[in-house]
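One structure is given below, encoded as structure tokens.
Residue numbers (our numbering), protein chains in the order written: chain A, 1 to 184; chain B, 1 to 126.
See the structure below:
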């Protein structure tokens with residue numbers, strides 16, 4: 001399966017996958033939709049201050065249950081994905097964060113409702129990350145100094161470049177699901 | 001008298017901050033709060049201002065014990081480097097003391113070097 005798959009319309013039902021920038025070449029299954037066993041599922045109220053303690057819990061679980069190198073990578077993914085959902089998602093619907101493992105992959109999945117403009121912004125950003133995660137990270141770092149519109153999106157760039165996680169965005173109507181995954 | 005060592009260090013929940021020499025600040029722990037600028041932006045600005053007043057040649061920021069930071073915290077380090085870079089006349093070298101074992105430090109400071117290499121130095125302790 002290709003690591004990149006995008007439908008014509010991001011606002012109805014679409015999918016965009018971006019492979020992480022580190023960890024070697026792609027293998028079958030990398031960047032695919034992650035389905036498997038849910039290890040942890042936490043439901044947060046949209047707009048709540050659940051970021052720090054939820055991240056602490058998910059990270060602690062990952063550190064306790066997963067091999068050493070994977071847990072810190074998922075911790076970065078969990079933080080940045082949940083932070084985005086809490087900051088930019090709808091406050092009228094719940095946010096769900098899950099740790100999921102399949103035979104070969106492990107990942108963190110966050111879903112929330114968002115407006116169409118946010119979906120378009122995410123789609124564009126993931127395309128840039130797919131092209132060159134390191135360069136995008138550097139650009140976002142630079143933009144964090146100079147500012148600009150849209151505001152810098154360093155978090156997802158970290159997930160792809162620093163943590164080397166493959167990002168996948170699925171959109172069904174207003175519900176968006178972002179997955180960051182790597183091989184177990 | 002050193003203005004650098006007279007800077008008031010804020011108490012933060014998850015990060016321990018200490019001034020360990022007339023030109024050195026050490027941070028350890030994690031930075032996970034939503035808006036770390038609330039605690040740290042003022043500190044970094046005060047340290048920068050004090051370093052300029054003391055005409056220091058180098059400031060060492062030991063972050064090797066910072067095991068996790070969020071992207072908002074990374075922006076604060078970028079800001080600090082930018083303040084030094086934008087100084088006219090005397091300016092100091094901002095030396096980040098880092099750990100090779102902490103991934104965010106490798107990627108972030110390597111990228112930061114490319115933005116402000118004329119005022120930055122990176123030192124690895126592990």
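Each residue gets a CB set at the ideal place from its N, CA and C atoms; glycine is no exception. Values in this document were obtained by computation on a predicted structure and should not be read as measured data.
Return the CA-CA distance between residue 146 of chain A and residue 129 of chain A, expressed in angstroms with no decimal places.
Looking at the two C-alpha atoms, the distance is approximately 20 Å.
Is it buried or exposed for residue 85 of chain A, if we count other Cβ within 10 angstroms and need 16 for buried?
The residue is buried, with at least 16 neighbouring Cβ atoms inside 10 Å.
Local conformation of residue 95 of chain B per DSSP, three classes:
Note: residue 95 of chain B maps to strand in three-state DSSP.
Any C-beta of chain A sitting closer than 9 Å to the C-beta of residue 34 of chain B?
So, interface residue.
Take residue 24 of chain B and list the residues in its own chain whose beta-carbon comes closer than 8 Å to its own, dropping the five residues that flank it on each side.
Contacts found: 59, 60, 61, 62.
So if I threshold CB-CB distances at 9 Å, which residues from the region 72-96 of chain A count as touching chain B?
Against chain B - using a Cβ distance shorter than 9 Å - the residues of the region 72-96 of chain A are 72, 73, 75, 76, 79, 80, 83, 86, 87.
Measuring straight from C-alpha to C-alpha, what distance separates residue 16 of chain B and residue 172 of chain A?
Going from the Cα of residue 16 of chain B to the Cα of residue 172 of chain A covers about 43 Å.
Using a Cβ cut-off of 9 Å (strictly closer), state whether residue 119 of chain B contacts chain A.
No, its Cβ sits nowhere closer than 9 Å to a Cβ of chain A.
For residue 118 of chain A and residue 88 of chain A, which I take to be in contact (beta-carbon distance under 8 Å), what is that distance rounded to the nearest angstrom?
In this structure residue 118 of chain A is in contact with residue 88 of chain A, their Cβ atoms being roughly 5 Å apart against a cut-off of 8 Å.
Kindly indicate which residue of A:70, A:163, A:46, A:144 has the alpha-carbon position closest to the one of residue 83 of chain A.
Cα-wise, what sits closest to residue 83 of chain A is A:46.
If you measure between the beta carbons of residue 92 of chain A and residue 178 of chain A, is that distance less than 9 Å?
The answer is no: Cβ separation not under 9 Å.
Give the secondary structure of residue 75 of chain B by DSSP, where H, G and I count as helix, E and B as strand, and everything else as coil.
Residue 75 of chain B falls in the helix class under three-state DSSP.
Residues of the region 94-114 of chain B in Cβ contact with chain A at a cutoff of 9 Å, in chain order, please.
Listed by position along the chain: 102, 103, 104, 106, 107, 108, 111, 112, 114.
I'd like the span of the beta strand (DSSP E) that includes residue 166 of chain A, first residue to last.
Unbroken beta strand (DSSP E) run through residue 166 of chain A: 166-172.
How big is the Cα-Cα spacing for residue 185 of chain A and residue 96 of chain A?
Outside the shown range of chain A (1 to 184) lies residue 185 of chain A, about which nothing can therefore be said.
Under DSSP, the beta strand (DSSP E) around residue 16 of chain B begins and ends at which residues?
Where residue 16 of chain B is concerned, the enclosing beta strand (DSSP E) stretches over 15-21.
Nearest-angstrom Cβ-Cβ length linking residue 64 of chain B and residue 126 of chain B, presumed shorter than 8 Å:
That pair is a contact at about 7 Å.
Counting along the chain, where does the beta strand (DSSP E) carrying residue 69 of chain A start and finish?
For residue 69 of chain A, no beta strand (DSSP E) segment is defined, and its DSSP state is neither H nor E.
Assuming the contact rule is C-beta atoms closer than 8 Å, residue 162 of chain A and residue 32 of chain B should be a hit. Round their C-beta distance to whole Å, please.
With a Cβ gap of about 16 Å, residue 162 of chain A and residue 32 of chain B do not count as contacting.
Show which residues of chain B have a CB atom less than 9 Å away from the CB atom of residue 57 of chain A.
Listed by position along chain B, the residues whose Cβ is nearer than 9 Å to that of residue 57 of chain A form an empty set, because the closest Cβ is around 12 Å away.
Cutoff 6 Å; reference residue 53 of chain B; Cβ partners in own chain excluding five residues on either side
Within its own chain, the residues whose Cβ lies closer than 6 Å to the Cβ of residue 53 of chain B, once the five positions on either side in sequence are excluded, are 3, listed in chain order.
Secondary structure of residue 178 of chain A, DSSP reduced to three states
In the structure shown, residue 178 of chain A sits in a strand (DSSP, three-state: E or B).
With 16 other CB atoms within 10 Å as the buried threshold, where does residue 1 of chain A fall?
Bear in mind that the predicted position of residue 1 of chain A carries a pLDDT of just 36, short of 50, making it unreliable; the figure below should be weighed with that in mind. By the 10 Å Cβ count, residue 1 of chain A comes out exposed.
Backbone CA spacing between residue 116 of chain A and residue 174 of chain A [nearest angstrom]:
For residue 116 of chain A and residue 174 of chain A, the distance between alpha carbons rounds to 7 Å.
Taking 8 Å as the line, does the beta carbon of residue 57 of chain A fall inside it for any heavy atom of the ligand FAD?
Although the ligand FAD was asked about, the structure shown includes no ligands whatsoever.
Using the rule of at least 16 other Cβ atoms within 10 Å of the residue's Cβ for burial, across every protein chain shown, is residue 86 of chain B buried or exposed?
That one is exposed.
Going along chain B in order, which residues have a C-beta closer than 7 Å to the C-beta of residue 155 of chain A?
Per Cβ cutoff of 7 Å: 71.
Give a yes or no on whether 9 Å exceeds the smallest Cβ distance from residue 184 of chain A to chain B.
It does not; no Cβ of chain B falls within 9 Å.
Quick one: what's got a C-beta closer than 6 Å to residue 114 of chain A's C-beta in the same chain, skipping five residues either side?
Closer than 6 Å at Cβ, skipping near neighbours: 89, 176.
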